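So the sequences go chain by chain: Y and C.
Numbering-wise (this note's numbering), the first sequence opens with residue 1 and increments by one.
Numbering-wise (this note's numbering), the second sequence opens with residue 1001 and increments by one.
Ideal Cβ placement from N, Cα and C applies to all residues, glycine included.
As the structure is a computational prediction, the values presented were derived from the model and not from experiment.
There are 2 protein chains.
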Amino acid sequence: MATPPADLAERVRAGDVRAVARAISVAERGGPDARALIARLYPHGGRALVVGITGAPGSGKSTLVDRLVGVLRAAQATVAVVAIDPSSPFTGGAVLGDRIRMGGHARDEGVFIRSMATRGHLGGLSSATADAVTILDAAGRDVIVVETVGVGQDEVEVMRLAAVTVLVLVPGMGDEVQALKAGVMEIADVFVVNKADRPEADRVVAAVESTLALRPADASAWTPPVLKTEATGGVGVDAVWQAIGRCRDQRAGGDRETRSRAQVESRLREAVARLAGEQVAMRSAGAGWACAVTEVMARRIDPDAAAGQLLAQAFGAKSGSGG
Amino acid sequence: MATPPADLAERVRAGDVRAVARAISVAERGGPDARALIARLYPHGGRALVVGITGAPGSGKSTLVDRLVGVLRAAQATVAVVAIDPSSPFTGGAVLGDRIRMGGHARDEGVFIRSMATRGHLGGLSSATADAVTILDAAGRDVIVVETVGVGQDEVEVMRLAAVTVLVLVPGMGDEVQALKAGVMEIADVFVVNKADRPEADRVVAAVESTLALRPADASAWTPPVLKTEATGGVGVDAVWQAIGRCRDQRAGGDRETRSRAQVESRLREAVARLAGEQVAMRSAGAGWACAVTEVMARRIDPDAAAGQLLAQAFGAKSGSGG
Chain Y
1 MATPPADLAE
11 RVRAGDVRAV
21 ARAISVAERG
31 GPDARALIAR
41 LYPHGGRALV
51 VGITGAPGSG
61 KSTLVDRLVG
71 VLRAAQATVA
81 VVAIDPSSPF
91 TGGAVLGDRI
101 RMGGHARDEG
111 VFIRSMATRG
121 HLGGLSSATA
131 DAVTILDAAG
141 RDVIVVETVG
151 VGQDEVEVMR
161 LAAVTVLVLV
171 PGMGDEVQAL
181 KAGVMEIADV
191 FVVNKADRPE
201 ADRVVAAVES
211 TLALRPADAS
221 AWTPPVLKTE
231 ATGGVGVDAV
241 WQAIGRCRDQ
251 RAGGDRETRS
261 RAQVESRLRE
271 AVARLAGEQV
281 AMRSAGAGWA
291 CAVTEVMARR
301 IDPDAAAGQL
311 LAQAFGAKSG
321 SGG
Chain C
1001 MATPPADLAE
1011 RVRAGDVRAV
1021 ARAISVAERG
1031 GPDARALIAR
1041 LYPHGGRALV
1051 VGITGAPGSG
1061 KSTLVDRLVG
1071 VLRAAQATVA
1081 VVAIDPSSPF
1091 TGGAVLGDRI
1101 RMGGHARDEG
1111 VFIRSMATRG
1121 HLGGLSSATA
1131 DAVTILDAAG
1141 RDVIVVETVG
1151 VGQDEVEVMR
1161 LAAVTVLVLV
1171 PGMGDEVQAL
1181 KAGVMEIADV
1191 FVVNKADRPE
1201 ADRVVAAVES
1211 TLALRPADAS
1221 AWTPPVLKTE
1231 ATGGVGVDAV
1241 WQAIGRCRDQ
1251 RAGGDRETRS
1261 RAQVESRLRE
1271 AVARLAGEQV
1281 AMRSAGAGWA
1291 CAVTEVMARR
1301 IDPDAAAGQL
1311 LAQAFGAKSG
1321 SGG
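What follows is the structure, encoded as structure tokens:
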């Protein structure tokens, strides 16, 4: 937990890969060091294309990411992959040795790969991922791929960081149902049906297209394409990258502004809740906190009412607790 | 959005099923009505056995829940199922008509089934689920089953509500890897390998057992059993219920107290962050908020620093923003 070196932000901005890795670790630990670092780097970002790629475990999403990285490297773009899928080989699958698929990118400095633990972050997963994106953006990476499983609110929050989001489905796993229900469908810009050589692939494509057809018509809005890939063999991967680019380009102007504003608002709300919580924890450390816990355990007060009292104590004002 | 009837809490406590359904809807909407209701019901809970059941989509977890409900009903226990798995048939799978598996419990007043949307809750999924459990507990349900997919921080948070947690694995889906990585393994009290007639079942059992063997030895602690089931045919379901009961019984006393305290602390932290965020949003509505969003979008300030300023404005004190 040593203090990060004073020139860490400058080294990140110069694109130093080891400085980037260290900066992400600083951000993951949270606290004043993390905030000071992010405050220095945030003004120097905003250029990277952030692509979210989501899909159920087993959908072949990680293989698709691997192949996309190959396409981007062939086009001289620098890439970062932030993998927050617990089943991804990028998240350091040391347990059963599934790092194998990482392929040929391990020694390429133009590809920065970072796995994020799915829990244990002081400020939550979406906050830690947002910080990693800020750092990689300031480091000048052209494309930042955020890879996650598409289940749960956290994952949906993470996807909100992306300018373009890709949802990977696979025939025969009921993923289409999953996607429709999990709300991921609403935020996906590009649909990929991977393992398209499987017999049910066309049925999945048809299911997604018929659901998309139910959306309200809006001539100016982006129409998400439904693409077929066989990521293992690289089939269809170019088309996925082209669709991502088209989506990004069409979003130039007003639409992008609206989307960007919504993203900033969501992130600001998250930051307010997190900082306020930290503040309360700090100021009511000791007796106040322990007393509240005991009262809730004895069911003499409910957690929300107790939280309202703690807030009032911490900030010296009535904080509007209900009940 | 009508005001809930004044006697709603009393009707919930009397076990009125329609009042329970209505109360959960009130809680889901959040706000003062929800908080007043929970404040009235929370003191009357603490008796129900809350069981968390988690597992990847396709693991047969919902079928296992269905069969467990059958076992409990045969023993005259009243049951509630809170399903927050987007792929569960309990979550109202109207999209592709997969409600079928709900089986014979639909018309049994001793089985209350409620699905929770995985997003859109004002206070987050774990808060909404906690409120639902408070309501069902106060309504006198003997057993409350919370069913969720075991991926993501939200799901882990939800599992913290449970006195006993069950992790359902299935051969041939790589779930064991998933479980090991997602951190769910650390909180599971009972492991179930479902679809145990599949050839790889014994390998999965062995993989889990060898990982469990790595835990630090603690003679007084509960040792999670690894059980095999074929939920579709009801095979092994009784043994799962017996293991849940043994775990609950062994936790009587000091261990349960420690666990309960940790659960309350986690819930209190969540409530503090959420209420503080609501308060800031309310007080800085309008100019302050819009200005902060614009400054962050222009990258003149980072989200955390802007959040610190908003907090300082809302609470009339310097709130320690970094940078």
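Quiz item: Closest by CA to Thr165 (chain Y), which one among Y:Ser115, Y:Arg251, Y:Pro303, Y:Arg22?
Solution: To locate residue 165 (chain Y), count along the first sequence from 1; it is residue 165. Answer by Cα proximity: Y:Arg251.
Quiz item: Terminal residues of the continuous alpha helix (DSSP H) containing Lys1195 (chain C)?
Solution: In the second sequence, the residue the question calls residue 1195 (chain C) occupies position 195. No alpha helix (DSSP H) holds Lys1195 (chain C); DSSP gives it neither H nor E.
Quiz item: Can you tell which of Y:Thr54, Y:Thr134, Y:Arg13 has its C-alpha closest to the C-alpha of Ala188 (chain Y)?
Solution: Here residue 188 (chain Y) refers to the residue found at position 188 when the first sequence is read from its first residue. When only C-alpha atoms are compared, the closest one is Y:Thr54.
Quiz item: Is there a Cβ from chain Y that is less than 9 angstroms from the Cβ of Thr1134 (chain C)?
Solution: Locating residue 1134 (chain C) in the second sequence gives position 134, counting from the first residue. Judged by the 9 angstroms Cβ criterion, Thr1134 (chain C) is in contact with chain Y.
Quiz item: What did DSSP end up calling Ile1113 (chain C) once you bin it into helix, strand or coil?
Solution: The sequence position of residue 1113 (chain C) within the second sequence is 113, counting from 1. Ile1113 (chain C) falls in the strand class under three-state DSSP.
Practice problem: For Arg1300 (chain C), count neighbouring Cβ atoms within 10 angstroms of its own Cβ and tell me buried if that reaches 16, exposed if not. | Solution: As a working mapping, residue 1300 (chain C) is identified with position 300 in the second sequence. Classification for Arg1300 (chain C): exposed.
Quiz item: Does the region 1235–1244 of chain C touch the region 1205–1212 of chain C, meaning 3 or more C-beta pairs lie closer than 8 angstroms?
Solution: no
Quiz item: Nearest-angstrom Cα distance between Gly1320 (chain C) and Asp137 (chain Y)?
Solution: Here the question's residue 1320 (chain C) lines up with position 320 in the second sequence. Here the question's residue 137 (chain Y) lines up with position 137 in the first sequence. Caution is warranted here: a pLDDT of 43 is assigned to Gly1320 (chain C), below 50, making its placement in the model unreliable, and the coordinate value is therefore given only provisionally. Using only the alpha carbons, I get a separation of about 26 angstroms.
Self-check item: Close beta carbons around Val1012 (chain C), own chain, < 7 angstroms, minus the five adjacent residues each side
Solution: The residue labelled residue 1012 (chain C) in the question sits at position 12 within the second sequence. Cβ neighbours of Val1012 (chain C) beyond the five flanking positions: Ala1019, Val1020, Ala1023, Leu1041, Ile1135, Ala1138, Ala1139.
Practice problem: Measure the CB-CB distance between Glu147 (chain Y) and Ala75 (chain Y) and report whether it falls below 9 angstroms. | Solution: Here residue 147 (chain Y) refers to the residue found at position 147 of the first sequence. Here residue 75 (chain Y) refers to the residue found at position 75 of the first sequence. Their beta carbons are not under 9 angstroms apart, which means Glu147 (chain Y) does not touch Ala75 (chain Y) by this criterion.
Exercise. Kindly identify the DSSP beta-bridge partner or partners of Leu1169 (chain C).
Key: Translated into the one-based positions of the second sequence, residue 1169 (chain C) becomes position 169. According to DSSP, which records beta bridges pairwise, Leu1169 (chain C) is partnered with C:Val1193.
Quiz item: Quick one, which residues of the region 264–291 of chain Y are near chain C if we go by CB-CB under 9 angstroms, in chain order?
Solution: Val264, Glu265, Arg267, Leu268, Arg269, Glu270, Ala271, Val272, Ala273, Arg274, Leu275, Ala276, Gly277, Glu278, Gln279, Val280, Ala281, Met282, Ser284, Trp289
Quiz item: Got a sec, what are the start and stop residues for the alpha helix (DSSP H) Ile1038 (chain C) sits in?
Solution: The count along the second sequence starts at 1 and reaches residue 1038 (chain C) at position 38. Taken as a continuous stretch (DSSP letters only), the alpha helix (DSSP H) holding Ile1038 (chain C) covers 1031–1041.
Self-check item: Simplified DSSP state of Leu1161 (chain C), which is helix, strand or coil
Solution: For the purposes of this step, residue 1161 (chain C) is taken as the residue at position 161 of the second sequence. Reduced to three states, the DSSP call for Leu1161 (chain C) is coil.
Exercise. Starting from the beta carbon of Ser260 (chain Y), find every residue of chain C whose beta carbon is closer than 8 angstroms, and list them in chain order.
Key: Here the question's residue 260 (chain Y) lines up with position 260 in the first sequence. Result: Met1297.
Quiz item: beta strand (DSSP E) containing Val1235 (chain C): first to last residue?
Solution: For the purposes of this step, residue 1235 (chain C) is identified with residue 235 of the second sequence, where counting begins at 1. Note, Val1235 (chain C): premise wrong, no beta strand (DSSP E); not H, not E.
Quiz item: Is Val1192 (chain C) near Ile1144 (chain C), with beta carbons less than 9 angstroms apart?
Solution: Within the second sequence, residue 1192 (chain C) is the residue found at index 192, counting from 1. Within the second sequence, residue 1144 (chain C) is the residue found at index 144, counting from 1. No, they are not a contact pair.
Exercise. Have a look at Ala306 (chain Y) and Met1282 (chain C) and give me their C-alpha separation to the nearest angstrom.
Key: By one-based count along the first sequence, residue 306 (chain Y) stands at place 306. By one-based count along the second sequence, residue 1282 (chain C) stands at place 282. Straight-line Cα distance between these residues: approximately 20 angstroms.
Quiz prompt | Glu1010 (chain C) - containing alpha helix (DSSP H), residue span | solution = On the second sequence, position 10 is the one that residue 1010 (chain C) refers to. Its alpha helix (DSSP H) spans residues 1008–1013.
Quiz item: From the beta carbon of Ala1221 (chain C), is the nearest beta carbon of chain Y less than 9 angstroms away?
Solution: Translated into positions along the second sequence, residue 1221 (chain C) becomes position 221. It does not: the Cβ of Ala1221 (chain C) has no partner Cβ on chain Y nearer than 9 angstroms.
Self-check item: Helix, strand or coil at Ala298 (chain Y) according to DSSP, with G and I counted as helix
Solution: On the first sequence, residue 298 (chain Y) is found 298 positions in, with the first residue counted as 1. Here Ala298 (chain Y) sits in coil by DSSP.
Quiz item: Pick from Y:Thr223, Y:Asp131, Y:His105, Y:Val50: whose alpha carbon is nearest that of Met29 (chain Y)?
Solution: In the first sequence, counting from the first residue as 1, residue 29 (chain Y) sits at position 29. Checking the sequence shown, residue 29 (chain Y) turns out to be Arg, not Met. Closest option to Arg29 (chain Y), Cα to Cα, is Y:Asp131.
Self-check item: Against chain Y: residues of the region 1031–1059 of chain C by CB proximity under 9 angstroms
Solution: Gly1031, Pro1032, Asp1033, Ala1034, Arg1035, Ala1036, Leu1037, Ile1038, Ala1039, Arg1040, Leu1041, Tyr1042, Pro1043, His1044, Gly1045, Gly1046, Ala1056, Pro1057, Gly1058
Quiz prompt | Partner residues on chain Y for Arg1300 (chain C), Cβ-Cβ distance less than 8 angstroms | solution = For the purposes of this step, residue 1300 (chain C) is taken as residue 300 along the second sequence, with counting starting at 1. Result: Pro43.
Practice problem: Could you check the C-alpha separation between His1044 (chain C) and Asp302 (chain Y) for me, to the nearest Å? | Solution: Here residue 1044 (chain C) corresponds to residue number 44 of the second sequence, with the count starting at 1. Here residue 302 (chain Y) corresponds to residue number 302 of the first sequence, with the count starting at 1. Going from the Cα of His1044 (chain C) to the Cα of Asp302 (chain Y) covers about 10 angstroms.
Exercise. Report yes or no: is there a C-beta of chain C within less than 9 angstroms of the C-beta of Gly140 (chain Y)?
Key: On the first sequence, residue 140 (chain Y) is found 140 positions in, with the first residue counted as 1. Output row for Gly140 (chain Y): interface = no.
Quiz item: Measuring CA to CA, which of C:Met1297, C:Glu1270, C:Gly1277 is closest to Gln1313 (chain C)?
Solution: By 1-based counting over the second sequence, the position of residue 1313 (chain C) is 313. Of the listed residues, the one whose Cα sits closest to Gln1313 (chain C) is C:Gly1277.
Quiz prompt | Cβ-based neighbour list, Met1116 (chain C), same chain, cut-off 8 angstroms, excluding 5 preceding and 5 following | solution = Numbered from 1 along the second sequence, position 116 holds the residue referred to as residue 1116 (chain C). Around Met1116 (chain C): Glu1028, Val1082, Ala1083, Ile1084, Thr1091, Leu1125, Ala1128, Thr1129, Ala1132.
Quiz prompt | Minimum Cβ-Cβ distance from Pro303 (chain Y) to chain C less than 9 angstroms | solution = Numbered from 1 along the first sequence, position 303 holds the residue referred to as residue 303 (chain Y). With 9 angstroms as the cut-off, Pro303 (chain Y) counts as an interface residue toward chain C.
Self-check item: Within 9 angstroms, strictly: CB atoms of Val190 (chain Y) and Leu167 (chain Y)
Solution: Here residue 190 (chain Y) refers to the residue found at position 190 when the first sequence is read from its first residue. Here residue 167 (chain Y) refers to the residue found at position 167 when the first sequence is read from its first residue. Going by C-beta atoms, Val190 (chain Y) is nearer than 9 angstroms to Leu167 (chain Y).
Quiz item: Run through DSSP, which three-state label would Thr223 (chain Y) get?
Solution: Taking the first residue of the first sequence as position 1, residue 223 (chain Y) is located at position 223. Thr223 (chain Y) falls in the coil class under three-state DSSP.
Quiz item: In chain order, what residues of the same chain lie with their CB nearer than 7 angstroms to the CB of Val1050 (chain C), ignoring the 5 residues before and after it?
Solution: The residue you call residue 1050 (chain C) lines up with position 50 of the second sequence. Only Val1133, Ile1144, Val1146, Leu1161, Ala1162, Ala1163 meet the Cβ criterion.
Quiz item: Taking 9 angstroms as the CB-CB limit, is Ala1206 (chain C) close to chain Y?
Solution: As a working note, residue 1206 (chain C) is residue 206 in the second sequence. For Ala1206 (chain C), the answer is no, since every Cβ of chain Y falls outside 9 angstroms of its Cβ.
Practice problem: Have a look at Asp1218 (chain C) and Asp1249 (chain C) and give me their C-alpha separation to the nearest angstrom. | Solution: By 1-based counting over the second sequence, the position of residue 1218 (chain C) is 218. By 1-based counting over the second sequence, the position of residue 1249 (chain C) is 249. Approximately 17 angstroms, taken between the alpha carbons.
Practice problem: Pull up the CB-CB distance for Lys195 (chain Y) and Gly60 (chain Y), whole angstroms please, since I reckon it's below 8 angstroms. | Solution: Reading the first sequence from its first residue, position 195 is the one you call residue 195 (chain Y). Reading the first sequence from its first residue, position 60 is the one you call residue 60 (chain Y). The pair is a contact, with the Cβ atoms about 6 angstroms apart (cut-off 8 angstroms).
Quiz item: Helix, strand or coil: which one does DSSP assign to Ala1292 (chain C)?
Solution: The residue given as residue 1292 (chain C) occupies position 292 in the second sequence. Looking at Ala1292 (chain C) - three-state DSSP - the assignment turns out to be helix.
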